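Residue numbers (this note's numbering): 598 to 925.
Below you'll find the structure, written out as structure tokens, and then a few comments.
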């Protein structure tokens with residue numbers, strides 16, 4: 598099981614880095630008030646977002662592998678620990694200021710996760726019933742419809758509402774992936790309807806979470822998304838045969854409540870963070886831009902825009918420094 602724990606650790610790092618990078622990219626765009634798939638196209642033009650998607654893919658793949666043997670209540674709660682990685686990157690790179698309450702809640706998340714690791718009993722998932730499969734397939738449309746109206750909310754409230762909807766979408770993909778990963782051949786894997794339900798929920802979650810990140814409360818969006826681990830854990834225990842080590846049921850319950858309560862608490866205490874580089878770094882960018890301006894300029898109309906859409910005269914790093922303008 599050493600491999601399983603290693604995969605779990607990589608998953609936490611991947612999701613934490615993905616939340617941070619996607620939050621930087623999404624916050625530079627104006628907040629949409631409807632569920633528009635073109636948001637993903639706009640975000641895909643930003644290098645920061647694409648790197649974040651790569652880390653998200655790493656997290657998704659490792660989570661997929663981890664669910665082969667580990668129960669959902671552990672894997673989904675471990676994804677919540679990615680909030681700590683997101684906040685740490687924010688502190689180190691963007692100089693975020695975290696309150697004592699936020700730090701205590703993150704410590705509670707780590708302690709709860711440790712309890713879950715100690716109480717989880719690896720096992721193979723049961724197959725889902727036809728009715729459950731139909732419900733999960735229909736849920737994609739329901740979540741998209743609710744997200745269409747939730748997109749009208751702004752600030753932390755919008756981040757929490759949309760983050761929770763994204764969490765339900767990702768949670769549904771987690772539920773179907775647990776039995777899906779046990780397919781005995783590539784053909785059965787590709788022909789399994791659970792694969793396409795998994796993909797539909799994953800894309801829906803990505804789009805809805807992109808809307809949540811636009812509201813600029815990255816930690817709140819992540820916390821609300823990860824709070825949805827609770828219903829997913831219940832489904833795993835009731836329908837998928839997830840198991841707890843005998844005699845450690847209370848420890849598992851306390852650990853799960855501590856983890857979920859901590860991430861919900863973060864949703865209430867988190868404030869919109871800045872997504873721009875510190876002033877001294879932006880000053881260096883400005884000096885570099887002025888030196889470029891003093892150099893011979895190309896003829897009018899010959900300049901090409903940077904891939905992230907921030908203008909040709911600036912250095913590539915200015916794509917991060919320009920984040921103070923949400924319309925850039």
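Glycine residues also receive a C-beta, built at the ideal position from the N, C-alpha and C atoms.
No experiment lies behind these values; they were computed from the predicted model shown.
From the DSSP secondary-structure annotation, give me the bridge partner or partners of residue i.
i	result
residue 714	Partner(s): none; residue 714 has no beta bridge.
residue 840	718
Please list, in chain order, all residues of the same chain as residue i whose beta carbon is under 6 Å from its beta carbon, the five residues on each side excluded.
i	result
residue 605	663 and 675
residue 753	814 and 817
residue 578	Beyond the ends of the chain as shown, which are 598 and 925, falls residue 578; an answer cannot be given.
residue 612	656, 676 and 679
residue 617	683 and 686
residue 705	855 and 859
residue 614	652
residue 895	Its pLDDT being 47, under 50, residue 895 is placed unreliably by the model, and the measurement read from it follows with that caveat. There are no such residues.
residue 758	747 and 750
residue 607	659
residue 609	675, 678 and 679
residue 852	709, 712 and 713
residue 755	812
Taking the beta carbon of residue i as the centre, do at least 16 other beta carbons fall within 10 Å, making it buried, or is it exposed?
i	result
residue 619	buried
residue 739	exposed
residue 793	exposed
residue 843	exposed
residue 797	buried
residue 742	exposed
residue 699	buried
residue 684	buried
residue 856	buried
residue 735	exposed
residue 645	buried
residue 924	Annotation note: pLDDT 30 at residue 924 (below 50); position unreliable, coordinate value reported separately. Exposed is the call here.
residue 666	buried
residue 791	buried
residue 827	buried
residue 600	exposed
residue 782	exposed
residue 603	exposed
residue 829	buried
residue 831	exposed
residue 688	exposed
residue 725	buried
residue 810	buried
residue 733	buried
residue 669	buried
I'd like to know whether the C-beta of residue i is nearer than 8 Å to at least one C-beta of chain B.
i	result
residue 680	Given the protein chain composition of this structure (a single chain), no chain B is represented.
Within a Cβ cutoff of 8 Å, which residues of the same chain sit near residue i, ignoring the five residues on either side of it in sequence?
i	result
residue 661	774 and 778
residue 845	715 and 716
residue 672	605, 608, 660, 663, 664 and 771
Closer than 7 Å: is that where the CB of residue i sits relative to any heavy atom of the ligand ZN?
i	result
residue 825	Within the structure as shown, the ligand ZN is missing, as the structure has no ligands at all.
Quick one: residues in its chain with C-beta nearer than 7 Å to the C-beta of residue i, no 5 flanking neighbours on either side, listed in chain order?
i	result
residue 825	761, 764, 765 and 768
residue 862	702
residue 795	770, 773, 774 and 777
residue 823	676, 677, 680, 764 and 860
* Can you find at least 3 beta carbon pairs, one from the segment 688-708 and one from the segment 728-735, that sit closer than 8 Å? -> No, the segment 688-708 does not touch the segment 728-735.
* To do: For the segment 772-790 and the segment 698-709, state whether three or more C-beta atom pairs, one from each stretch, are separated by less than 8 Å.
  => Using a Cβ-Cβ distance cut-off of 8 Å, the segment 772-790 and the segment 698-709 are not in contact, since fewer than three pairs of beta carbons, one from each stretch, lie closer than that value.
* To do: May I ask you to verify whether the segment 753-765 touches the segment 792-808, counting CB pairs closer than 8 Å and requiring at least 3?
  => At 8 Å Cβ cutoff, the stretches touch.
* To do: Flag this pair as touching only if the segment 777-793 and the segment 743-752 have three or more C-beta atom pairs under 8 Å; answer yes or no.
  => Contact between the segment 777-793 and the segment 743-752 is absent, because fewer than three Cβ pairs lie under 8 Å.
* **the segment 824-844 in contact with the segment 645-657 per 3-pair CB rule at 8 Å** => Between the segment 824-844 and the segment 645-657 there are fewer than three inter-stretch CB-CB distances shorter than 8 Å, so the stretches are not counted as touching.
* Every unbroken alpha helix (DSSP H) inside the segment 715-796 [4 residues or more] -> 727-747, 752-777 and 783-788, all fully within the segment 715-796.
* **Sequence ranges, alpha helix (DSSP H) only - wholly within the segment 645-680, length at least 4** => Listed in chain order, the complete alpha helix (DSSP H) runs (minimum 4 residues) inside the segment 645-680 are 669-677.
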